[in-house]
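With our numbering applied, the sequence shown corresponds to residues 391 to 1043, in that order. Backbone N, C-alpha and C define an ideal beta-carbon position, used for all residues, glycine too. Keep in mind it's a predicted model, so treat the numbers as computed, not measured.
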Amino acid sequence: MSSDPLVIFTPSGKRGHFPVGTPVLTAARQLGVDLDSVCGGRGICSKCQITPSYGEFSKHGVTVADDALSEWNKVEQRYKDKRGLIDGRRLGCQAQVQGDVVIDVPPESQVHRQVVRKRAEARDITMNPSTRLFYVEVEEPDMHKPSGDMERLVEALEAQWQLKGVKTDLHILQGLQPALRKGKWKVTVAVHLGDENQPPKIMHIWPGYYDGTLYGLAVDLGSTTIAAHLCDLKSGEVVASSGIMNPQIRFGEDLMSRVSYSMMNTGGDQEMTRAVRDGMNALFTQIATEAAIDQSLIVDAVFVCNPVMHHLFLGIDPFELGQAPFALATSDALSLQARELDLNIHPAARVYLLPCIAGHVGADAAAVALSEAPDKSEDLVLVVDVGTNAEILLGNKDKVLACSSPTGPAFEGAQISSGQRAAPGAIERLEINPETKEPRFRVIGSDIWSDETGFDAAIATTGITGICGSGINEAIAEMRMAGVLDASGLIGSAEQTGTARCIEDGRTNAYLVWDGSAEGGPRITITNPDIRAIQMAKAALYSGARLLMDKFHVETVDRVVLAGAFGAHISSKHAMVLGMIPDCPLDKVTSAGNAAGTGARIALLNTKARREIEETVAASRRSKLRSSRVFRSILSMPRPFPTRKNPSQFWPQ
Ligand code: FES
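Shown next, in the form of structure tokens:
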């Protein structure tokens, strides 16, 4: 047995014997312990902070003496004076092993730290970003050893950081010589670490030691909205989030209308490409301003989108996606440069697009799979990402199937008589008293219900302007539960329902939610065409789920995850009353928020997850679902309310 001191690292549990005088950073590296360093042990970056523990450790079978590490040195003192160091912390590159010791590596000193996600069932994100900072000392030029500054920088990166075959671009070469001389041959470089298909590449260079942060963007490019999260590539934290309406809306509300716009108008696809890229750049400027950072520090970006958005963003005519067999120009993941897409971030920034599953199942579904991990689930889980288009995944650890369903914009309040987008003034929650058939509601911008004191004052500035997606769904579900609406989807008359809120509307009836006409405001009603629009949308949603269940030969699923901005707002009860989702115990229906956006964030922060989803998608493609006649015939039938087999849970027979 070695007589050298025993070094035990926590939380990894890795241990080994090292000669007296070994720096803790060296011991960590030799054991493969995840301990960060940007300066390579030169006492500049402080990324290598560790916490030694002293005393008896019966669990590890060691006693750690007070002098187990070398004495506090000048470099540590200088750092503490300048920047501060938590009491008990040491710099791993300065502290040397003197005796048996137990050393904790705090999360902020771990390169591959876990970013904890809030939801209990969600997996944490392991940090493994594409781009990292490296501080290097470069040999000065010598008349007797002719070689370029770049070659010596590349050699230094290999010798000091084991980065092999590092490449660069012209823009780095243009700034290289001044940076090296200004930094007295010491520079910090941001290196994109590459993968099996591409070598590591220098993205940026700073003279001396650069103590700043690199950023990345996770972008969910939806048909209706574009949402972006700006993330710190070191800590994984979301520094700022922002969103805009997709400027392509002016060319058509839904995907197919945008495809037809490009078919009917020469150059229409290019017009839409320009619109979405301009919108994206405006969003990036907005988010960088909000976070008070220089946009050129954004070195990586991940995009998730449906196939039509994917093609239009890339500048590919989506013509083929408008007709069977829905051929994609490419379904593989793409790694591009930001400048190829005219994006105003770092000129050499990388852009990664998740793979598409099929011609009508996009990278957004892949992102949902990454976020919700149905492929790791023991039980059979149905993941429904509801938006203008619904992405539906069904599976467990043995197999995952995916499909996309054209729900249209009704769920988001469009094509609804009093519908509007979710904005202040829109009714977002609604309840109907089953006895009196009277509604009470809440509008966006206020937490007070319409029958509570203070409501009028609370909505004085916004007014009541319409009803948004979650509001219309709750309204219809509540109408059904209150007996105002029959199972086929017809609104009863005042006589049939016993409420004057049911009013004649042509040859059918409508339910009056709010009448603001006396004050010049809107009259908000739910009409039979509204019910029909929601019936069609939920038919599309339900049919997609049903199709996948048929492929699995199952009648029920173990649990349901509702995702998407809209999925986050509709209650599981209302979703089930409307028959949007198949039978499942209510307590097994959970909400995942913006799963596609989270998937983009995971892919941004962990490059290993990119490989993982590429493999999952490849496996899913092997059992892919094509658009079928069965699907279309189900779609064309309006669905009764509810689709559940046992509706008595919600209202009397
Ligand atoms: S490794 Fe940079 S200060 Fe220790």
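Asked                                                                                                                                                             : Found
Which residue or residues does DSSP assign as beta-bridge partners of V579?                                                                                       : F524, I595
Less than 8 angstroms between the beta carbons of E515 and Q504, yes or no?                                                                                       : For clarity, residue 515 is Ile in the given sequence; the question names Glu instead. Yes, the Cβ-Cβ distance between I515 and Q504 is below 8 angstroms.
How is T412 classed by DSSP in three states: helix, strand or coil?                                                                                               : coil
Measuring CB to CB, does R405 end up less than 8 angstroms from V414?                                                                                             : no
Since P829 sits in a beta bridge, which residues does DSSP pair it with?                                                                                          : I822
If I follow the unbroken alpha helix (DSSP H) through Y932, where does it start and stop?                                                                         : 918-942
For ligand 1, is there any heavy atom lying closer than 7 angstroms to the beta carbon of L481?                                                                   : yes
I want to know whether the region 569-584 touches the region 541-548 - three or more CB-CB distances under 8 angstroms.                                           : yes
Enumerated in chain order, which unbroken segments of the alpha helix (DSSP H) with a length of 4 residues or greater are wholly contained in the region 438-495? : 464-473
Just the Cα atoms here: how many angstroms apart are I706 and D876?                                                                                               : 46 angstroms
According to the Cβ coordinates, are A816 and C858 closer than 8 angstroms?                                                                                       : yes
From A691 to L673, what distance separates their C-alpha atoms?                                                                                                   : 13 angstroms
Determine the direct distance from the alpha carbon of V423 to that of S402, and round the result to whole angstroms.                                             : 7 angstroms
How far does the alpha helix (DSSP H) with E781 in it reach, from first residue to last?                                                                          : From DSSP, E781 is part of no alpha helix (DSSP H) but of the beta strand (DSSP E) over 780-785.
Just to check, is the beta-carbon of R949 closer than 7 angstroms to a non-hydrogen atom of ligand 1?                                                             : no
Starting from H750, trace the beta strand (DSSP E) both ways and give me its first and last residue.                                                              : Note, H750: premise wrong, no beta strand (DSSP E); not H, not E.
Tell me the start and end of each unbroken alpha helix (DSSP H) in the region 689-757 that is at least 4 residues and wholly inside, in chain order.              : 697-704
When you compare only the Cα positions, how much space is there between A755 and L566?                                                                            : 42 angstroms
Taking the alpha-carbon positions, what's the D973 to L623 distance?                                                                                              : 41 angstroms
Between H750 and the rest of its own chain, which residues show a CB-CB distance below 6 angstroms, the 5 nearest in sequence each way excluded?                  : F716, S794
Could you tell me the boundaries of the beta strand (DSSP E) in which W551 lies?                                                                                  : Not the beta strand (DSSP E): W551 falls in the alpha helix (DSSP H), residues 539-551.
Does the beta carbon of S933 fall short of 7 angstroms from some heavy atom of ligand 1?                                                                          : no
In whole angstroms, what separates the C-alpha of S392 from that of S499?                                                                                         : 29 angstroms
Is there a C-beta anywhere in chain B that falls below 8 angstroms from the one on A455?                                                                          : Chain labels in this structure do not include chain B; a single protein chain is all it has.
At the level of alpha carbons, what is the spacing between T746 and A757?                                                                                         : It is Cys, not Thr, that sits at residue 746 in the sequence shown. Those two C-alpha atoms are separated by around 10 angstroms.
Does DSSP put N587 in a helix, in a strand, or in coil?                                                                                                           : coil
Using DSSP with H/G/I as helix, E/B as strand and the rest coil, what is E627?                                                                                    : coil
So what does DSSP say about D775, is it helix, strand or coil?                                                                                                    : strand
Kindly indicate which residue of L475, V491, T614 has the alpha-carbon position closest to the one of H450.                                                       : V491
Say the cut is 7 angstroms; is the CB of L415 nearer than that to a heavy atom of ligand 1?                                                                       : yes
What's the C-alpha gap between M939 and A953?                                                                                                                     : 18 angstroms
Taking the beta carbon of A618 as the centre, do at least 16 other beta carbons fall within 10 Å, making it buried, or is it exposed?                             : buried
Compute the distance between the beta-carbons of V1051 and I854, then report whether it is under 8 angstroms.                                                     : Residue coverage of the chain in this structure runs from 391 to 1043, which leaves residue 1051 outside it and unanswerable.
Tell me whether A890 sits in a helix, a strand or coil according to DSSP, three-state version.                                                                    : coil
Is DSSP giving L902 helix, strand or coil here?                                                                                                                   : strand
Pick from I1003, A1009, L994: whose alpha carbon is nearest that of L518?                                                                                         : Strictly speaking, residue 518 in this sequence is Asn, with Leu absent from that position. For N518, the nearest C-alpha among the options comes from L994.
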